[in-house]
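J.:
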Amino acid sequence: MDTLDDLVESTRGPRAGILEGIRFHNGVANSRELRQYGDIPSGVYHFKTLVEQEIIEETGQEHGGRGGPATVYELTDLGEKVADELLGESGGMSTIAELEKQLDEQAERIEDLVDAYNDMADLVEEIDARTEDL
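According to this note's numbering, the sequence shown is numbered sequentially starting from 30.
1. E49: which of Q135, V143, G108 and Q82 sits nearest, CA to CA?
2. Can you name the start and end residues of the alpha helix (DSSP H) that E114 belongs to?
3. Straight-line CA distance for M125 to P43?
4. Leaving out the 5 sequence neighbours to the left and right, which residues in its chain are closer than 6 Å to N59 when beta-carbon positions are compared?
5. For the candidate residues V73, G56, H54 and I85, whose alpha-carbon lies nearest to that of T105?
6. Which stretch, first to last residue, makes up the beta strand (DSSP E) that contains Q82?
7. Pull up the distance between the alpha-carbon of G93 and that of V57, whole angstroms please.
8. For a quick check, are the C-beta atoms of I51 and L63 less than 8 Å apart?
9. What is the DSSP secondary structure of I103, reduced to helix, strand or coil?
10. Which residues mark the beginning and the end of the beta strand (DSSP E) in which V57 is found?
Here it is, written out as structure tokens:
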């Protein structure tokens, strides 16, 4: 059996992209999503290799879009360790959930700024009205 260091070393390039993509999609992603995320070549070679190394596992099929069903993958416990070594504990990039949270926070901040702007505009109009006759 390969050591963790061996698995990390063999999981570079497109295979690392698969692991990062699974993490990005909150731990479960289909092959179509992963190819779009990481620009993974068509075919199953990289996926099969990761399954054989017990880094990812097939958990089902999803239908949708063009073509046949897309295989759903998730990280195994060993895959989590390999991903941690490759990508760091944070997973390399933000997950969809983290990005959605940031987007919601930014939308709230924009609403607050719009309200503040409107309040200021009202004050300017009021000042203009008071000073018009001076």
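Positions of the beta carbon are idealized from the N, C-alpha and C atoms, including for glycine.
T.: To lay it out plainly:
1. Along the sequence shown, one-based indexing puts residue 49 at 20. Of the candidates Q135, V143, G108 and Q82, G108 places its Cα closest to the Cα of E49.
2. Start at 1 with the first residue of the sequence shown, and residue 114 comes out as number 85. Following the DSSP letters along the chain, one finds E114 inside the alpha helix (DSSP H) bounded by residues D106 to L116.
3. To locate residue 125, count along the sequence shown from 1; it is residue 96. To locate residue 43, count along the sequence shown from 1; it is residue 14. In the sequence on display, residue 125 carries Ile and not Met. Each residue's Cα considered, the two are about 20 Å apart.
4. As a working note, residue 59 is residue 30 in the sequence shown. Taken in chain order, the residues that qualify are E91, A99 and V101.
5. By 1-based counting over the sequence shown, the position of residue 105 is 76. If you compare the alpha carbons of V73, G56, H54 and I85 with that of T105, the shortest gap goes to I85.
6. Working through the sequence shown from its first residue, we reach residue 82 at position 53. Note, Q82: premise wrong, no beta strand (DSSP E); not H, not E.
7. Position 64 of the sequence shown, counted from the first residue, corresponds to residue 93. Position 28 of the sequence shown, counted from the first residue, corresponds to residue 57. C-alpha separation (whole angstroms): 16 Å.
8. Here residue 51 refers to the residue found at position 22 when the sequence shown is read from its first residue. Here residue 63 refers to the residue found at position 34 when the sequence shown is read from its first residue. Yes, the Cβ-Cβ distance between I51 and L63 is below 8 Å.
9. Indexing the sequence shown from 1 puts residue 103 at position 74. The sequence shown places Glu at residue 103, rather than the Ile named in the question. Strand at E103.
10. Position 28 of the sequence shown, counted from the start, is the residue given in the question as residue 57. V57 -> beta strand (DSSP E) spans V57 to N59.
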